[in-house]
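Those protein sequences? They're chains A and B, same order as listed. Just so we're aligned, residue 245 is where the first sequence starts under our numbering, counting upward by one. Just so we're aligned, residue 2 is where the second sequence starts under our numbering, counting upward by one. The structure appears below as structure tokens.
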Amino acid sequence: MKQEFTITVYTENHIGLLNRIAIMFSRRKINIESLNTSPSEVEGIHRFTIVIHEVEEVVKKLVRQIEKQVEVLKAYYNNNDEIVWQELALYKVSTDKVIEDVKVERLLRQYGARAVVIRKDYTVFETSGHREEINKLVEVLGDLGLIEFVRSARVAIINASNGFYEKLKEFEEEKPGSEIVENEFLDKQDEVFSM
Amino acid sequence: MSSATELMKRKKSESREISTQPKGKVKAQTSISGSVAVLEALVAEGVTDFFGYPGGAIMPIYDALYDYTDTLNHILVRHEQGGIHAAQGYARTSGKVGVVFATSGPGATNLVTGLADAQIDSTPLVCITGQVFAHLLGTDAFQETDVINITTPVTKWNYQVTDANEIPSVLAKAFYIAKTGRPGPVLIDITKNAQIQQFNYQGYKPCTHIRSYRPKPNVRKEYIQDAAELINQAKKPFVLLGQGVILGKAEKEFRAFIEKGGLPAASTVLGLSAIPTDHPLNVGMLGMHGNYGPNVLTNECDVLIAVGMRFDDRVTGRLDKYAKQAKVIHLDIDPAEIDKNVQATVPVWGDCKETLPILTALIEKKDHPEWLNKFREMQAEEEDVVINDELHPKGEIMTMGEVLDVLNELTKGDAVIVTDVGQHQMVACRYAKFNQTRSNVTSGGLGTMGFALPAAIGAKFGAKDRTVVAIIGDGGFQMTLQELGTIMQFDVDVKIIILNNNFLGMVRQWQQLFHDKRYSFVNITSPDFVAVAKGYSIAGKSISKREGLKSALQEMLDHKGSYLLEVMVGKENNVFPMVPQGCGVAEIRLK
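Spelled out as structure tokens, the structure:
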């Protein structure tokens with residue numbers, strides 16, 4: 245069954261890597277729902293957050309192929325229960341409307357929107373949250389003079405992750421110790437063996 | 002187990018390469034150009050022979066090469082595609098990294114087919130392309146093309162250099178990535194300004210570690226133990242031998258493994274020659290046109306042990322009918338290959354040069370005579386129905402198989418056989434005899450027609466003291482026949498056999514079997530090949546009668562220098578056995 249997966253990729257910060265990763269999806273005709281690239285908790289290491297709608301079997305294989313790329317340090321995939329995620333949205337609304345219509349003000353407060361810019365002619369609000377919440381606000385604002393709207397890609401934190409510092413140390417050692425687990429799959433013995 | 006651990010440790014230390022570095026022409030701390038740095042890198046990496054074609058954006062490097070011809074042997078090809086296929090052939094027979102130079106724009110785009118071929122067949126290559134000046138990038142300058150983005154999906158790694166200071170470290174990285182782990186092609190694009198730029202040279206340091214790149218997954222001995230246990234319990238074990246054994250230089254380790262376990266082994270197309278054809282445990286070839294026994298018995302074995310192979314669709318046929326009854330042990334250096342096509346019961350990550358000896362130490366010495374006999378019985382059946390008629394036809398018309406049969410008799414299986422793509426390729430892979438490893442050079446995964454002639458040139462430079470025979474169809478030969486010019490200019494001793502059936506035979510076979518004999522554009526006309534060869538000062542002959550076959554092949558092999566022999570074979574012969582598309586391996590047809 246297809247479901248939403250968030251793929252987190254730690255990479256070197258090199259030119260051309262975005263293309264190398266993007267074509268892994270397009271080659272398999274998988275649509276990227278959302279893509280964010282940003283610095284990570286480790287200096288010099290980049291972090292991609294990619295959201296796709298796929299079956300787990302495909303995602304698992306895809307993540308291994310991504311991790312195989314020379315400049316990729318590590319790739320993970322998680323379903324929505326395993327992550328905390330947010331998207332950021334900006335809304336430009338006519339200032340007159342906000343002043344005139346009590347409903348607008350109430351709505352914005354209800355959705356926890358904050359004013360970023362207030363001008364004579366327009367006001368820009370910001371909210372962050374899950375896509376559904378953002379979509380709902382866009383829907384109701386649409387009828388009430390929404391001039392412009394933009395939403396960012398998803399950013400996500402993996403619940404079970406201990407960050408990348410330790411992993412990076414392993415990677416930087418010339419010879420990794422024999423006890424290092426290179427692939428999570430290896431540790432799921434019960435699932436691997438059918439003997 | 003402790004002995005196995007020790008063995009693993011010992012093997013690890015052994016596999017560390019100790020190299021004596023060849024000396025370059027310039028010392029560290031001197032000012033040199035980026036171009037000279039490129040050539041210094043090649044010398045330091047032990048490159049001797051390489052291939053290329055000059056042009057505007059790579060001229061500074063070719064200018065520097067003028068002073069390096071005493072240490073570096075550059076072979077001028079006739080087309081960049083020929084250059085890269087030659088580099089592939091070189092890498093296959095020598096086990097070294099193949100190197101090719103090309104200029105920007107069309108020079109670089111002409112490499113793409115070879116890159117795709119090398120990527121899918123895991124051939125180690127370093128390609129160096131010239132690029133327009135950095136300040137012209139993105140301006141649609143003359144012969145500018147976005148090589149990095151064009152080649153990204155078909156390279157293991159690629160990189161654009163715009164500053165000469167980067168050249169030594171980037172080339173060190175390129176060679177390291179190309180040859181380690183699962184090998185593959187690397188492309189380095191160097192802008193013209195970087196080639197000209199003078200910089201303070203710090204010497205060449207080979208690369209040994211990249212933090213984001215782990216060429217070998219760690220060996221997990223508990224999985225090897227589990228694998229050994231499965232093998233020890235197996236009544237009908239069956240080993241699949243892939244090119245990984247050759248790439249890992251683990252032929253001896255593989256032999257020790259199957260010999261101790263008494264394990265019958267069949268080879269993929271690219272795994273051929275890793276063990277001798279007449280080894281008693283070698284039961285033939287896998288795949289669509291492979292042998293009868295290995296295909297049928299894949300679906301009867303109880304433990305399937307795949308070593309360095311990737312379960313290509315031409316090997317497995319329909320996946321839901323493939324070895325469903327068997328426990329699968331998969332040894333591979335590339336973690337992404339495990340479970341990609343066939344679910345592994347026990348995955349054995351790692352370099353088979355390290356994992357096979359540990360596994361061998363843990364398995365019991367055994368024979369499986371009854372099981373092995375099943376392969377022999379099916380072999381006999383295949384001989385009756387297919388092989389005897391192919392190798393010793395009763396009719397007047399010659400078959401491809403009989404040419405191979407006589408060739409085997411004359412070379413005794415010591416030649417390097419380079420093939421193109423199509424019917425002749427399958428016939429050659431089925432019937433050619435191989436005594437030593439790295440003797441089979443062909444385009445496996447990509448199926449590149451036009452591969453054989455240039456690859457044979459490279460194969461010869463990679464194995465200078467061996468006989469190299471290129472077997473090519475009339476269609477494929479016409480795709481890259483311009484490389485006869487390279488053979489002429491550099492006196493490359495390549496024996497060329499054109500198996501001419503006046504058809505694009507494999508497509509015609511499919512049209513006959515699956516498209517109602519609607520022969521749509523497979524009727525191909527050929528020039529007088531012998532006359533073409535003569536135009537290039539290459540001796541040649543064409544034969545169409547069996548009586549002349551042996552003497553013609555002998556004449557070809559005895560001839561000093563290159564030789565072209567055209568053999569007219571049956572127009573509508575088919576390659577059998579065959580696993581039809583969409584069928585399981587056990588549904589293989591003998592006729």
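Note that beta-carbon positions come from the ideal geometry of N, C-alpha and C, so glycine has one too.
May I ask you to report which of helix, strand or coil DSSP gives M1/B?
Here chain B has residues from 2 to 592 only, and residue 1/B is not among them.
List the residues of chain B that I267/A touches, going by C-beta distances under 7 angstroms, in chain order.
Here the neighbours are T153, P154.
Taking 8 angstroms as the threshold, find out whether the region 163-170 of chain B comes into contact with the region 186-204 of chain B through three or more Cβ pairs.
They touch, by the three-pair rule.
Going straight from the alpha carbon of L482/B to that of G84/B, what length do you get?
Whole-angstrom Cα-Cα distance: 13 angstroms.
Contacts that A337/B makes with chain A (C-beta to C-beta distance below 7 angstroms)
What A337/B touches in chain A: R308, Q309, K312.
State the beta-bridge partners of L363/B as determined by DSSP.
Note: L363/B is not bridge-paired with any residue in the DSSP secondary-structure output.
Please list the partners that S416/A has in chain B, where partner means a Cβ-to-Cβ separation under 7 angstroms.
The sequence given here places Glu at residue 416/A; Ser does not occur at that position. Those within 7 angstroms of E416/A in chain B are R212.
Use the C-beta contact count for D190/B: other C-beta atoms within 10 angstroms, 16 or more gives buried, fewer gives exposed.
Under this definition D190/B is a buried residue.
is_contact[A357/A, chain B] using C-beta, thresh 8 angstroms:
No, no contact with chain B.
Specify whether the region 249-260 of chain A and the region 281-300 of chain A touch according to this definition: at least 3 beta carbon pairs, one from each stretch, less than 8 angstroms apart.
A contact exists between the region 249-260 of chain A and the region 281-300 of chain A.
Look up G474/B in the DSSP assignment and give the residues it is bridged to.
Looking at the DSSP assignment, G474/B forms a beta bridge with L500/B.
Taking a contact to mean a Cβ-Cβ separation below 8 angstroms, would you say T438/B touches E260/B in this structure?
Cβ distance not < 8 angstroms, so T438/B and E260/B don't count as in contact.
When you compare the CB of K305/A with every CB in chain B, is at least one pair closer than 8 angstroms?
Chain B contact via Cβ: present.
So, using beta-carbon positions, are Q120/B and T156/B closer together than 8 angstroms?
Contact flag set, yes.
I'd like to check one pair, L271/B with P186/B: are the Cβ atoms closer than 8 angstroms?
Cβ atoms of P186/B and L271/B: not closer than 8 angstroms.
Considering only residues of the same chain and omitting the five flanking positions on each side of T152/B, which have a CB-CB separation below 7 angstroms?
Closer than 7 angstroms at Cβ, skipping near neighbours: V113, L116, N159, L188.
Please tell me whether I259/A and F269/A are closer than 8 angstroms, where the distance is taken between their beta carbons.
No, these two residues do not count as a Cβ contact at 8 angstroms.
Identity of the residues DSSP links to N524/B by a beta bridge
Per DSSP, F504/B.
Between which two residues does the alpha helix (DSSP H) containing H425/B stretch?
Where H425/B is concerned, the enclosing alpha helix (DSSP H) starts and stops at 424-432.
Could you list which residues in chain B have their beta carbon closer than 7 angstroms to that of E256/A, in chain order?
For E256/A, the C-beta contacts it makes with chain B under 7 angstroms involve S213, in order along the chain.
Would you mind listing the beta strand (DSSP E) stretches within the region 294-344 of chain A that are 3+ residues and don't spill past its ends, in chain order?
Considered as a whole, the region 294-344 of chain A harbours 316-323, 327-338 as its complete beta strand (DSSP E) runs of no fewer than 3 residues, in chain order.
Measuring alpha carbon to alpha carbon, tell me which of I391/A, V384/A, S396/A ends up nearest R375/A.
Closest by alpha carbon: S396/A.
Could you work out which residues of chain B lie near N263/A, taking near to mean beta carbons separated by less than 7 angstroms?
Under the 7 angstroms cutoff, chain B gives N150, T153.
Looking at the structure shown, is M286/B part of a helix, part of a strand, or coil, going by DSSP?
Secondary structure at M286/B: strand, using DSSP grouped into helix, strand and coil.
Identify whether Y293/B lies in helix, strand or coil by the three-state DSSP scheme.
Of the three classes helix, strand and coil, the one that applies to Y293/B here is helix, per DSSP.
Using a Cβ cut-off of 8 angstroms (strictly closer), state whether L279/A contacts chain B.
Closer than 8 angstroms to the CB of L279/A there is not a single CB belonging to chain B.
Residues near R519/B in its chain [Cβ-Cβ closer than 7 angstroms; skip 5 each side]
Cβ neighbours of R519/B beyond the five flanking positions: Q512.
Per-residue contacts from E315/A into chain B (C-beta, under 7 angstroms)
Within 7 angstroms Cβ-Cβ: S213.
Cβ-based burial, Y564/B [other Cβ within 10 Å; buried from 16]
Its Cβ being crowded by 16 or more others within 10 Å, Y564/B is buried.
Residue range of the beta strand (DSSP E) that includes I276/A
Run containing I276/A: 276-283, per the beta strand (DSSP E) assignment.
List, in chain order, every chain B residue whose beta-carbon is nearer than 9 angstroms to that of G260/A.
Near G260/A (Cβ distances below 9 angstroms), the residues of chain B are I149, N150, T153, N159, Y160, Q161.
Near K461/B, which residues of its chain fall below 7 angstroms by C-beta distance, leaving aside the five closest residues on each side in sequence?
Only V469, V493, D494, V495 meet the Cβ criterion.
Between the region 160-181 of chain B and chain A, which residues of the former have CB atoms less than 7 angstroms from a CB of the latter, in chain order?
Within the region 160-181 of chain B, the residues whose Cβ lies closer than 7 angstroms to some Cβ of chain A are I178, listed in chain order.
What does the alpha-carbon distance come out to for the pair I398/B and E410/B?
Taking the straight line from one Cα to the other gives about 20 angstroms.
Is the distance from the Cβ of P295/B to the Cβ of W372/B below 8 angstroms?
For P295/B and W372/B, no; Cβs fall outside 8 angstroms.
In three-state DSSP terms, what is Q330/B?
One point to set straight first is that residue 330/B is Ile, not Gln, in the sequence displayed. Reduced to three states, the DSSP call for I330/B is strand.
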